[in-house]
Amino acid sequence: MKKKRGMRLSCCLLTVCFMMFSVKDAEAIGQAGSLNEAGTDKAYKERQTEDSGRVPLRIISMNDLHGKIDQQYELDLNGDGKPDGTFGRMDYAAAYIKKAKAEKEHAFVVHAGDMIGGSSPVSALFQDEPTVELMEDIGFDVGTVGNHEFDEGTDELKRIINGGDHPDGKGTSGYDGQNFPLVCANCKLKSGESFLPPYEIKYVSGIPVAFIGVVTRSAAGMVIPDGIKNITFTDEVKAVNDAAADLKKKGIKAIAVLAHMSAEQNGSAITGESAKLASGTDSEIDVIFAAHNHKVVNGEINGKLIVQAFEYGKAIGIADLELDKESKDIVKKSAEIQYIDQSKIKPDPAAAGILSKYEEKVKPIISETVGEAAHDITGGYSNDGDTALGNLIADGMKAKMKSDFALMNGGGIRDGIKKGPITWGDLYNVQPFGNVLTKLEIKGKDLREIINAQISPVYGPDYSISGFSYTWNPETGQAVDMKMADGTDIQPEKGYTVTVNQFMATAAGAKYGPIGKVGKNPVTGPEDLEATVDYVKSFSAPISYQTDGRIRTASAAKTPDDTGNQPGSGETPGGTRPDKGEKPQAEKPAKKPDAAEQPDQTKKPKRPVVKETASDTVQSIPESRPASAANSEQSTKQTESGTQKGRPLPDTSAGSHQTALAGLVITGAGVYWLFRKKRGIRTR
Numbered sequence: 070m071k072k073k074r075g076m077r078l079s080c081c082l083l084t085v086c087f088m089m090f091s092v093k094d095a096e097a098i099g100q101a102g103s104l105n106e107a108g109t110d111k112a113y114k115e116r117q118t119e120d121s122g123r124v125p126l127r128i129i130s131m132n133d134l135h136g137k138i139d140q141q142y143e144l145d146l147n148g149d150g151k152p153d154g155t156f157g158r159m160d161y162a163a164a165y166i167k168k169a170k171a172e173k174e175h176a177f178v179v180h181a182g183d184m185i186g187g188s189s190p191v192s193a194l195f196q197d198e199p200t201v202e203l204m205e206d207i208g209f210d211v212g213t214v215g216n217h218e219f220d221e222g223t224d225e226l227k228r229i230i231n232g233g234d235h236p237d238g239k240g241t242s243g244y245d246g247q248n249f250p251l252v253c254a255n256c257k258l259k260s261g262e263s264f265l266p267p268y269e270i271k272y273v274s275g276i277p278v279a280f281i282g283v284v285t286r287s288a289a290g291m292v293i294p295d296g297i298k299n300i301t302f303t304d305e306v307k308a309v310n311d312a313a314a315d316l317k318k319k320g321i322k323a324i325a326v327l328a329h330m331s332a333e334q335n336g337s338a339i340t341g342e343s344a345k346l347a348s349g350t351d352s353e354i355d356v357i358f359a360a361h362n363h364k365v366v367n368g369e370i371n372g373k374l375i376v377q378a379f380e381y382g383k384a385i386g387i388a389d390l391e392l393d394k395e396s397k398d399i400v401k402k403s404a405e406i407q408y409i410d411q412s413k414i415k416p417d418p419a420a421a422g423i424l425s426k427y428e429e430k431v432k433p434i435i436s437e438t439v440g441e442a443a444h445d446i447t448g449g450y451s452n453d454g455d456t457a458l459g460n461l462i463a464d465g466m467k468a469k470m471k472s473d474f475a476l477m478n479g480g481g482i483r484d485g486i487k488k489g490p491i492t493w494g495d496l497y498n499v500q501p502f503g504n505v506l507t508k509l510e511i512k513g514k515d516l517r518e519i520i521n522a523q524i525s526p527v528y529g530p531d532y533s534i535s536g537f538s539y540t541w542n543p544e545t546g547q548a549v550d551m552k553m554a555d556g557t558d559i560q561p562e563k564g565y566t567v568t569v570n571q572f573m574a575t576a577a578g579a580k581y582g583p584i585g586k587v588g589k590n591p592v593t594g595p596e597d598l599e600a601t602v603d604y605v606k607s608f609s610a611p612i613s614y615q616t617d618g619r620i621r622t623a624s625a626a627k628t629p630d631d632t633g634n635q636p637g638s639g640e641t642p643g644g645t646r647p648d649k650g651e652k653p654q655a656e657k658p659a660k661k662p663d664a665a666e667q668p669d670q671t672k673k674p675k676r677p678v679v680k681e682t683a684s685d686t687v688q689s690i691p692e693s694r695p696a697s698a699a700n701s702e703q704s705t706k707q708t709e710s711g712t713q714k715g716r717p718l719p720d721t722s723a724g725s726h727q728t729a730l731a732g733l734v735i736t737g738a739g740v741y742w743l744f745r746k747k748r749g750i751r752t753r
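70 is the number of the first residue of the sequence shown in my numbering; add one for each residue after it.
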């Protein structure tokens, strides 16, 4: 009887163990839609209440939306070359955010900048007011500015924040501003005063929680200089530390940073501007919500949790924190990246209503067919040589301005063209910034200086070109030889004309600066979009642009040019380029996504004005290419395959307390069984 009772006890213990693992498996199935979760077990987190002396707080984040409120994307998250579903679109994102918010008694919704700028026409044609309206409906509590919030200058940004009708009659009638604050600790007026508040303080069960805002200092080189002539961007680390010191004087210990600064993750290693920020800032800072280079990041550095949730509304970050009632500090933190998978939720009705309202208004404009593509035409940065779409755009610029040459920056090419009919809206998504074309007079030797300046020693060339070709040496980062389109030499002292967009003509820095320095007698033309539309319309048959070897890599043994010019720094407005050797994450758009990113400009002479009568970025890319974007540099650089190869982090929410308990049960059962067995042997 004793032996049977022992066997029965052992079986009971093993059954309990099996049931515990079954519960954990069920939880894992329930979490299938949430990738990249790190921290303690989700079910355990949701059981925490204020009764334990801790107050749970959830912070839901978004970054680098870029007004892509109507765009949706097919993404390959597991890298098998096949789409894993359709992701994004703001009415679905609203449903995910509202659901995540409703799951917790205390929750905030925040963003880390670049929510507007480089937007889809459904938002851009209304001065991005539809994006603001959607953010208000979702219930954003606080945000910061990215470089693209300054695309149309500080005056327009202030109008977006405070309200008022656009002076040119664009946007909606009676626009009343946004109902949540933007903060930025290192955005200063030239007088030294703050352009925006450095932080915002919220309260959770009486406990103050502060959000400090900060934007990369390189934003100054990513926008039209005239638009930001009254402000300056100061040192990020010092600005955040100064704000944190001020908060600590007020007794505030729970501090998060909304940082429009790049972050990139390889395994557990996190690099980029936000990583440097984490290493150099006050220990009271617990969480940094990163942005700018459109990457997926979820990990810790220097005791600070860093979260970045991709781009274009394809994902959100969910950080679960615990506040200690006595110390009023954050004592526990974890996060996950949740993709906006349309198959797992229905669109939010309120957000869908707002979106459809503006879609109907722009439909007559964006649906106009202007041409046809014989195949997918993609392009962006010319790191690996010329691109089909870049060639088409540069040729259109050259034709429109009747110049000898044309140059198009990769960050200004935000989308690809899909096979089939090409609409005006499709081309708007390719070139959404409204940059005016500028023709300049240069000499042949000046063209070489301009080309050398845009070649990064790490990533290679940037610009698409027309009217000439060149080879370049990867070891020196300089052009080896340059030829006219007909194969004849470009004469160093001969005069030529070159067409660029206004951003390229006026931007500062080592990369773009030479254009404005050597270019003379500027002639202003139409918008870049108009030039591309007219060029596409000129084709009588489906367009079949291909790469044609305009930009080629030379043998490293060849001699570099003898002008003495040094290679460019590789900087581009919007972020930093991906690590050398890393291929961009491409994506297959379900509704014409976009790719890289670049600053806009203030004057938009030829864009249609849609009147409101009733009630609008390793590699994705923002124009300085953080892993912009475009994955800003994740604003997704398009490839011919058109599929994005995501690299989600493994799910680390293993439920360690369950695993440990199960192990104890197994060990106990085993010891008991061995003990009974040995006793049985001894009594025989």
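In this text, a Cβ means the ideal position worked out from N, Cα and C, and glycines have one as well. No experiment lies behind these values; they were computed from the predicted model shown.
Measuring only the C-alpha atoms, how far is residue i from residue j?
i           : j           : result
residue 532 : residue 282 : 33 Å
residue 222 : residue 182 : 15 Å
residue 601 : residue 271 : 47 Å
residue 243 : residue 140 : 27 Å
residue 338 : residue 184 : 27 Å
residue 255 : residue 615 : 44 Å
residue 351 : residue 357 : 12 Å
residue 564 : residue 558 : 13 Å
residue 344 : residue 437 : 45 Å
residue 172 : residue 127 : 9 Å
residue 233 : residue 217 : 20 Å
residue 395 : residue 304 : 34 Å
residue 425 : residue 240 : 16 Å
residue 227 : residue 510 : 37 Å
residue 499 : residue 574 : 20 Å
Leaving out five residues before and five after residue i in sequence, what residues of the same chain have Cβ atoms less than 7 Å from its Cβ?
i           : result
residue 178 : 129, 166, 170, 207, 208, 209, 210
residue 191 : 138, 139, 199, 427, 428, 431, 685
Can you tell which of the options has the C-alpha that lies nearest to the C-alpha of residue i?
i           : options            : result
residue 285 : 596, 316, 219      : 219
residue 609 : 442, 455, 503      : 442
residue 224 : 299, 152, 287      : 299
residue 162 : 408, 288, 391      : 408
residue 135 : 387, 417, 363, 425 : 363
residue 205 : 249, 213, 197, 238 : 249
residue 287 : 591, 585, 595, 578 : 578
residue 320 : 277, 377, 582      : 277
residue 410 : 159, 396, 258      : 159
residue 52  : 391, 574, 332, 421 : Past the boundaries of the shown model lies residue 52; the chain is included only from 70 to 753, so the question cannot be answered.
residue 201 : 153, 251, 487, 164 : 251
residue 584 : 594, 572, 595, 237 : 572
residue 485 : 476, 317, 471, 501 : 501
residue 488 : 329, 612, 293      : 612
residue 196 : 238, 499, 580      : 238
Use the C-beta contact count for residue i: other C-beta atoms within 10 angstroms, 16 or more gives buried, fewer gives exposed.
i           : result
residue 459 : buried
residue 621 : exposed
residue 348 : exposed
residue 547 : buried
residue 617 : exposed
residue 835 : Nothing about residue 835 can be read from this structure; the chain reaches only from 70 to 753.
residue 473 : buried
residue 593 : exposed
residue 469 : buried
residue 325 : buried
residue 335 : exposed
residue 523 : buried
Looking only at its chain, what residues have a beta carbon closer than 8 Å to the beta carbon of residue i, apart from the 5 residues adjacent to it on each side?
i           : result
residue 709 : Because residue 709 carries a pLDDT of 31, less than 50, the predicted location of this residue cannot be relied on, and the following value inherits that uncertainty. Around residue 709: 445, 447.
residue 231 : 246
residue 314 : 351
Could you pull out every residue in the same chain whose Cβ sits closer than 6 Å to the Cβ of residue i, ignoring the five residues on either side in sequence?
i           : result
residue 365 : 379, 406
residue 538 : 552, 619
residue 229 : none
residue 390 : 126, 399, 402
Within the segment 342 to 383, ranges of the beta strand (DSSP E) (whole runs, at least 3 residues): 354 to 358, 365 to 370, 373 to 378
Runs of beta strand (DSSP E) lying entirely within the segment 189 to 236, each at least 3 residues, in chain order: 211 to 213
Complete beta strand (DSSP E) runs within the segment 433 to 502 (minimum length 3 residues, chain order): 438 to 442, 474 to 477, 489 to 492
Runs of beta strand (DSSP E) lying entirely within the segment 396 to 421, each at least 3 residues, in chain order: 399 to 408
Inside the segment 533 to 577 only - beta strand (DSSP E) runs reaching at least 3 residues: 533 to 535, 537 to 542, 547 to 553, 564 to 570
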